[in-house]
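Chemist: To start, I am sharing the structure in question, which I have written as structure tokens.
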Amino acid sequence: MKSRFLLSFVVASLALGQAELNAQEGPVEIKKDGDKFRVEIDGKLFTEYITKGYNKPVLYPIIGPHGVGMTRNYPFKKVEGEATDHVHHASLWFTHGEVNGISFWHVGDKTGKIVPTEVVRAKGGRRGSIVTKNNWNGPDGKTICTDQTSIGFFKTQKGVLVSYNVTIHASEGDVKFGDTKEGTMGIRTHPNLRLSNGRGVTTANGKAVNSAGHKDKALWGKRAKWVDYWGEIDGHTVGVAIFDHPDNPRHPTWWHARDYGLVAANPFGIHNFEGKKKGVGDMTIKKGEKLSFRYAFLFHEGDAETAGIASFYDRWVQAVAALKARAAGNN
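Quick note: our numbering has the sequence shown finishing at residue 338, numbered continuously throughout.
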């Protein structure tokens, strides 16, 4: 597994092309700091992978171009001018609102928790990677399923690319991911990237577009290969693009993309998104089987057009295809 993960960085570099990647040696450092891992790029904090203190592992803060924060600070801390709604919207995370009937999306006494059990890898270099194994435990503490999460950090000419891959293992029995909009690969943006003000926020100036051409509030519930949110923070136009890989279940995915800064790829909540019968979006992983998801986030300067998001997405897909072909050749 380690050799395959190392290979992913090599192939991604080749496939994205020298023009897209910073050629500097060793820009990414990953340092363990208690229950979290600090990720530095060019000697400066980019993010921290926090493994305890919340109901799932999260990335926070996320520092974008020009040193601006790209995600909301709450619930990690309260900052004037930010909303304090939806405590479970913790920066950047992967989870779901119905797993065998239990919500891992929300926070409460009757909700589940994703608990790290092993750090397989945490290493920097020209690219950085963190690989963990996690238990999805119900409110009674019993494990429902397990996962392996692999997060990669790449510095490119367009910004920092974060790859986020999760494989769910039905290790304990059948696992049903239920039909709900409350999921799955999510981010809560900086308040300036919101599409509208509200709940104490007065600085929203965000815009959004998806690969199908829908804009702003029209993104919610639509299917698309990618979405991009951008706006002005501290005098700089910055944005975040989120990519859904073609190998993912039900690609192109639906998007739980709100005007208040929540953006989540969700292949399950079909009845919410399309007004169909509840349960049509259910997906069951049989005991002993697994299901994989592959996403990426590009934290970039400029708007979607200036950053070339459409073409960058295509190059990312090509990079993954090259990785898979190379890995297959090594087996």
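Glycine included, C-beta positions come from ideal geometry on N, C-alpha and C.
Check the C-beta distance from K183 over to F111 and give it rounded, since I have them as a contact under 8 angstroms.
Modeler: Going by Cβ atoms, the distance from K183 to F111 rounds to 13 angstroms, so no, they are not a contact pair.
Chemist: Where does S136 fall in DSSP's three states?
Modeler: Three-state DSSP puts S136 in a strand.
Chemist: How long is the line joining the alpha carbons of N279 and N337, rounded to whole angstroms?
Modeler: In a straight line, the C-alpha of N279 is about 43 angstroms away from that of N337.
Chemist: With DSSP collapsed to three states, give me the class of Y320.
Modeler: Correct three-state label for Y320: helix.
Chemist: Under DSSP, the alpha helix (DSSP H) around E239 begins and ends at which residues?
Modeler: From DSSP, E239 is part of no alpha helix (DSSP H) but of the beta strand (DSSP E) over 233-240.
Chemist: Between which two residues does the beta strand (DSSP E) harbouring T5 extend?
Modeler: Shown here, the chain extends from 8 to 338; a query on residue 5 therefore has no answer.
Chemist: Could you pull the start and end residues of the beta strand (DSSP E) that T187 belongs to?
Modeler: First-last for T187: undefined, no H or E at that position.
Chemist: For I48 and K149, which I take to be in contact (beta-carbon distance under 8 angstroms), what is that distance rounded to the nearest angstrom?
Modeler: At roughly 39 angstroms, the Cβ-Cβ gap does not stay under 8 angstroms, so I48 and K149 are not in contact.
Chemist: Let me know if V94 comes out buried or exposed under the rule of 16 or more other beta-carbons within 10 Å of its beta-carbon.
Modeler: So V94 counts as exposed.
Chemist: So who's on the other strand from Q155, going by DSSP bridges?
Modeler: Its beta-bridge partners are K140, T174.
Chemist: Within 10 angstroms of its Cβ, does L52 collect 16 or more other Cβ (buried), or is it exposed?
Modeler: It is exposed - the Cβ of L52 has fewer than 16 other Cβ atoms within 10 Å.
Chemist: Can W262 and A219 be called in contact, C-beta distance under 8 angstroms?
Modeler: No, they are not a contact pair.
Chemist: Which residue's Cα is closest to the Cα of K43: G50, P34, G60, V35?
Modeler: The option with the nearest alpha carbon to K43 is G60.
Chemist: Would you mind stating whether W68 and H307 have Cβ atoms separated by less than 8 angstroms?
Modeler: The amino acid at residue 68 is misidentified as Trp; the sequence shows Pro. No; because the gap between Cβ atoms is not below 8 angstroms, this pair is not in contact.
Chemist: So the candidates are T124, V138, P123; which of them puts its Cα closest to the Cα of K130?
Modeler: Nearest option by C-alpha distance: V138.
Chemist: I need the DSSP call for G286, collapsed to helix, strand or coil.
Modeler: Three-state result, G286: coil.
Chemist: Helix, strand or coil: which one does DSSP assign to R333?
Modeler: In this structure, R333 counts as helix in the three-state DSSP scheme.
Chemist: Who are the near neighbours of V86 in its chain, counting only those whose CB is closer than 8 angstroms to its CB and skipping five residues on each side?
Modeler: Closer than 8 angstroms at Cβ, skipping near neighbours: N80.
Chemist: Terminal residues of the continuous beta strand (DSSP E) containing H93?
Modeler: First-last for H93: undefined, no H or E at that position.
Chemist: Give the DSSP-derived three-state secondary structure of N199 in the structure shown.
Modeler: Three-state DSSP puts N199 in a helix.
Chemist: Helix, strand or coil for F44? Go by DSSP, reduced to three states.
Modeler: If DSSP states are grouped into helix, strand and coil, F44 belongs with the strands.
Chemist: Just to confirm the assignment: which complete alpha helix (DSSP H) runs, minimum length 4, are found wholly within the segment 259-305?
Modeler: Fully enclosed alpha helix (DSSP H) runs of 4 or longer: 277-281.
Chemist: Looking at C-alpha atoms only, which residue of V167, V324, V127, T153 is the closest neighbour of G295?
Modeler: Among V167, V324, V127, T153, the Cα nearest to that of G295 is on T153.
Chemist: Take L298 and list the residues in its own chain whose beta-carbon comes closer than 6 angstroms to its own, dropping the five residues that flank it on each side.
Modeler: I175, I292, listed in sequence order.
Chemist: Is there contact between the segment 185-204 and the segment 116-126, where contact requires at least three CB pairs shorter than 8 angstroms?
Modeler: Touching, no, given that fewer than three Cβ pairs across the two stretches are closer than 8 angstroms.
Chemist: Buried or exposed: S136, going by 16 or more other Cβ atoms within 10 Å of its Cβ?
Modeler: The residue is buried, with at least 16 neighbouring Cβ atoms inside 10 Å.
Chemist: By how many angstroms is the C-alpha of V65 removed from the C-alpha of G41?
Modeler: Near 15 angstroms, if we compare the C-alpha coordinates of V65 and G41.
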